[in-house]
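Read through the structure below, which is laid out as structure tokens, and then see the notes.
In UniProt numbering, the protein residues as written are 1 to 395.
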């Protein structure tokens, strides 16, 4: 007896009448056809919104009229072709327009209060010019009290600004914790959380986007550490001379030590989030570590799929969303690498690193160089020891 394998689809689901247990999205079907590497087949496919005509090629008739044994074999073939697709969720995460449901509102409001400051923080950092000229003049003329005072007066408001940045990182850490709790809590799996609670997933993405944006600006601005170093040297020198400066009341020694550790990092915000995620896992011993790592790997996968799938990518109404999506993907990869016992580049990793890096390399180099640098910086062990990783991360 012959069976007809008929594809009936809307935007999300495809049913195989000859093998009802198999469910694939239309995007997955297209991907599987692409993987056959038969250009004539790919070109001959005609897709409609409510159904799919696979092909008019005679070759594909083998896929259409099958015996029961062949139907089973066809199911196995599709399973092999779509193995990684089954492990990778295919849904559109609306980074542009997601709104909180009633269940999300409490956490969303808490995180929103923090994120409202993020744009201002980035604007301040972007316009941070430093007090390099004043500091150089003061160092070159140690006996000129007027130049010393001028440099000090230039540095103090900048240090106050750096303190605000550091304090914001602590608030961001708490916001991330709230989101991790919401997106990993039972009874839902991480994938279900991300699909059901898209407003929280969007906020999680916004935190990662801010983090990488902040660190990119910080890495290219040496004035930050120069200003803070001069401030600390001046404080220490005046203490030796038994002098108390008014600015010490705002940034005491303990705060200065913590700020010094923060700004010593090449990517301080990313380090803060990485430590916060690791701490979240260690403190929640009743929560399987897989719940947290699966949340991160799912987010990375969703970002990759949206970037490489025209049907999803065309739904972005803002051109900046592409860069946003790339930053989020890189951010969750780095967090995953720090939290997961074997890291993001291991063969058992649930993140398709080759696919993610391929997506990055397909973009203009000036828009992804900083992101590839971030991967090199925070996956150093793998980068140095694995030649494949080293090659993959080279533009």
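All C-beta atoms in this analysis are idealised placements derived from N, C-alpha and C, irrespective of residue type, glycine included.
Exercise for the section: Count the C-beta pairs between the stretch 219-237 and the stretch 122-130 that are closer than 8 Å, then say yes if the count reaches three, no if not. Expected result: The stretch 219-237 is in contact with the stretch 122-130.
Problem - Between the CA atoms of residue 165 and residue 84 - distance to the nearest angstrom - result: Note that residue 84 scores a pLDDT of 43, beneath 50, so its modelled location is shaky; the value from the coordinates is reported in the next line. Rounded to the nearest whole angstrom, the C-alpha separation of residue 84 and residue 165 is 41 Å.
Handout entry: Reduced DSSP secondary structure (H/G/I, E/B, other) of residue 59
Key = Below a pLDDT of 50, predicted positions are generally treated as unreliable, and residue 59, at 35, falls in that range; the measurement from the model is reported next regardless. Residue state, collapsed to three classes: helix.
Practice task
Give the range of the alpha helix (DSSP H) segment to which residue 149 is assigned.
Solution key: Element bounds for residue 149: 145-184.
Exercise for the section: Between the Cα of residue 370 and those of 143, 217, 259, 192, spot the shortest distance and give me the residue it belongs to. Expected result: The shortest Cα separation from residue 370 among 143, 217, 259, 192 belongs to 217.
Problem - Of the listed residues 159, 337, 155, 134, nearest to residue 147 (C-alpha basis) - result: Checking every option, the nearest Cα to that of residue 147 belongs to 134.
Exercise for the section: Tell me whether residue 118 sits in a helix, a strand or coil according to DSSP, three-state version. Expected result: Helix at residue 118.
Practice task
Pull up the CB-CB distance for residue 145 and residue 273, whole angstroms please, since I reckon it's below 8 Å.
Solution key: Between residue 145 and residue 273 a beta carbon distance of about 44 Å is seen, past the 8 Å cut, so the two are scored as non-contacting.
Exercise for the section: Can you tell me which of the three DSSP states residue 141 falls into? Expected result: Three-state DSSP puts residue 141 in coil, outside helix and strand.
Practice task
Name the residue from 267, 230, 101 whose alpha carbon lies nearest to the alpha carbon of residue 214.
Solution key: Measuring from the Cα of residue 214, the nearest candidate turns out to be 267.
Handout entry: Reduced DSSP category for residue 251 - H, G, I as helix; E, B as strand; rest coil
Key = Looking at residue 251 - three-state DSSP - the assignment turns out to be coil, as it is neither helix nor strand.
Exercise for the section: For the alpha helix (DSSP H) containing residue 317, list its first residue and its last residue. Expected result: Where residue 317 is concerned, there is no enclosing alpha helix (DSSP H), given that its DSSP letter is neither H nor E.
Handout entry: Proximity of residue 301 and residue 180 at Cβ, strictly below 9 Å
Key = Not in contact: residue 301 and residue 180 (Cβ atoms no closer than 9 Å).
Practice task
Just mark residue 375 as buried or exposed, buried being the case when its beta carbon has 16 or more other beta carbons within 10 Å.
Solution key: Under this definition residue 375 is a buried residue.
Problem - Given 8 Å, three or more beta-carbon pairs between the stretch 195-215 and the stretch 248-261 - result: Counting C-beta pairs with one atom in each stretch, the stretch 195-215 and the stretch 248-261 have fewer than three that are closer than 8 Å, which means they do not touch.
Practice task
Rounded to whole angstroms, what's the CA-CA distance from residue 254 to residue 155? Just pull it up for me.
Solution key: When only Cα atoms are considered, residue 254 and residue 155 end up about 19 Å apart.
Problem - At least 3 beta-carbon pairs within less than 8 Å: the stretch 304-311 vs the stretch 350-367 - result: By the Cβ test, the stretch 304-311 is in contact with the stretch 350-367, since at least three Cβ pairs between them sit closer than 8 Å.
Problem - 6 Å Cβ shell around residue 192 - same chain, five flanking residues per side excluded - result: Beyond the five residues adjoining it in sequence on each side, residue 192 comes within less than 6 Å, by CB distance, of no other residue in the same chain.
Problem - residue 163 CB to nearest heavy atom of the ligand COA below 8 Å - result: You won't find the ligand COA in this model; it holds no ligand whatsoever.
Practice task
Taking only the alpha-carbon atoms, compute the straight-line gap between residue 367 and residue 323 and give it to the nearest angstrom.
Solution key: Computed Cα separation, rounded: 7 Å.
Exercise for the section: Specify whether the stretch 96-105 and the stretch 184-199 touch according to this definition: at least 3 beta carbon pairs, one from each stretch, less than 8 Å apart. Expected result: With a cut-off of 8 Å, the stretch 184-199 and the stretch 96-105 count as touching, because enough Cβ pairs lie within range.
Problem - Within-9 Å CB hit, residue 271 to chain D - result: Here chain D cannot be found, since the structure has a single protein chain.
Handout entry: Residue of 92, 229, 313, 167 minimising C-alpha distance to residue 139
Key = The residue among 92, 229, 313, 167 with its C-alpha nearest the C-alpha of residue 139 is 229.
Exercise for the section: Keeping to the same chain, check which residues put their C-beta closer than 8 Å to that of residue 264; ignore five residues upstream and five downstream. Expected result: Result list for residue 264: 225, in chain order.
Problem - Distance between residue 362 and residue 316 (C-alpha atoms, nearest Å) - result: Residue 316 and residue 362 have their C-alpha atoms some 18 Å from each other.
Practice task
Run the CB neighbour count on residue 320, radius 10 Å, all protein chains shown included, and call it buried at 16 or more, exposed below.
Solution key: A residue is called buried once 16 or more other Cβ atoms fall within 10 Å of its Cβ, and residue 320, having fewer, is exposed.
Practice task
Taking 9 Å as the cut-off, decide whether the C-beta atoms of residue 289 and residue 342 are in contact.
Solution key: No.
Practice task
Pick helix, strand or coil for residue 222, following the three-state DSSP scheme.
Solution key: If DSSP states are grouped into helix, strand and coil, residue 222 belongs with coil.
Handout entry: Residue environment, residue 233, which counts as buried when at least 16 other CB atoms sit within 10 Å
Key = With fewer than 16 Cβ atoms within 10 Å of its Cβ, residue 233 is classed as exposed.
Exercise for the section: Report all residues from its chain with a CB closer than 8 Å to the CB of residue 377; omit the five preceding and five following residues, and keep chain order. Expected result: For residue 377, where only same-chain residues beyond five positions count, the Cβ hits under 8 Å are 266, 267.
Practice task
Kindly indicate which residue of 231, 325, 236 has the alpha-carbon position closest to the one of residue 161.
Solution key: Residue 231 is the option with its Cα nearest to residue 161.
Exercise for the section: Determine, using beta carbons only, whether residue 172 and residue 335 come nearer to each other than 9 Å. Expected result: Result no, Cβ atoms of residue 172 and residue 335 do not sit closer than 9 Å.
Problem - Delimiting residues of the alpha helix (DSSP H) encompassing residue 192 - result: Counting along the chain, the alpha helix (DSSP H) containing residue 192 begins and ends at 190-196.
Practice task
Please report how far the alpha carbon of residue 110 lies from the alpha carbon of residue 271, in whole angstroms.
Solution key: Between residue 110 and residue 271, the C-alpha separation is close to 22 Å.
Handout entry: Residue nearest to residue 297 in terms of C-alpha spacing, selected from 252, 356, 250
Key = When each option's Cα is compared against that of residue 297, the closest is 356.
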